[in-house]
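Trainee: Take this structure first; my questions come after.
In my numbering, the protein residues as written are 8 to 128.
See below:
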């Protein structure tokens, strides 16, 4: 049996949330930019043209944004790890999840600080 593993990527998902360790970061939302990639078997979805055998990326984006906004993480490292674990736990077709997050306002004269992780089931 051949497993046709493919990757779905959501790029530059932008939203505001509580993230950071500094006092003002714990009190005020700030923008983050997130990239999410999930790997899964594409064979059934491609053969049948049926979303039921894949992942609804609009729903994934909504779920991840809701999860992050409810969580109020202090570290980017924790945010990406817990988000990747959330995806694996809530999207059973996923065999791996990669998450990166960037705080665009964190470092003046730069595009921001970014952390990423890939978690494999």
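The beta carbon of each residue, even a glycine, is placed where N, CA and C say it ideally should be.
Residue ranges of each alpha helix (DSSP H) run of no fewer than 4 residues wholly in the stretch 64-94, ordered along the chain?
Mentor: 64-78
Trainee: Is DSSP giving residue 113 helix, strand or coil here?
Mentor: coil
Trainee: My guess is that residue 75 and residue 24 are in contact by the Cβ rule of under 8 Å, so how many angstroms apart are they, rounded?
Mentor: 5 Å
Trainee: Beta-carbon within less than 8 Å of residue 62's beta-carbon, same chain only, minus the 5 sequence neighbours each way: which residues are those?
Mentor: 15, 45, 47, 98, 100 and 101
Trainee: What residue range is occupied by the uninterrupted alpha helix (DSSP H) comprising residue 55?
Mentor: According to the DSSP assignment, residue 55 belongs to the alpha helix (DSSP H) that extends over 50-55.
Trainee: Under a three-way DSSP split, which group does residue 30 fall into?
Mentor: helix
Trainee: For the putative contact between residue 68 and residue 17, defined by C-beta atoms under 8 Å, what is the C-beta separation to the nearest angstrom?
Mentor: 5 Å
Trainee: Cα-Cα, which of 42, 79 and 21 is closest to residue 34?
Mentor: Residue 79 is the option with its Cα nearest to residue 34.
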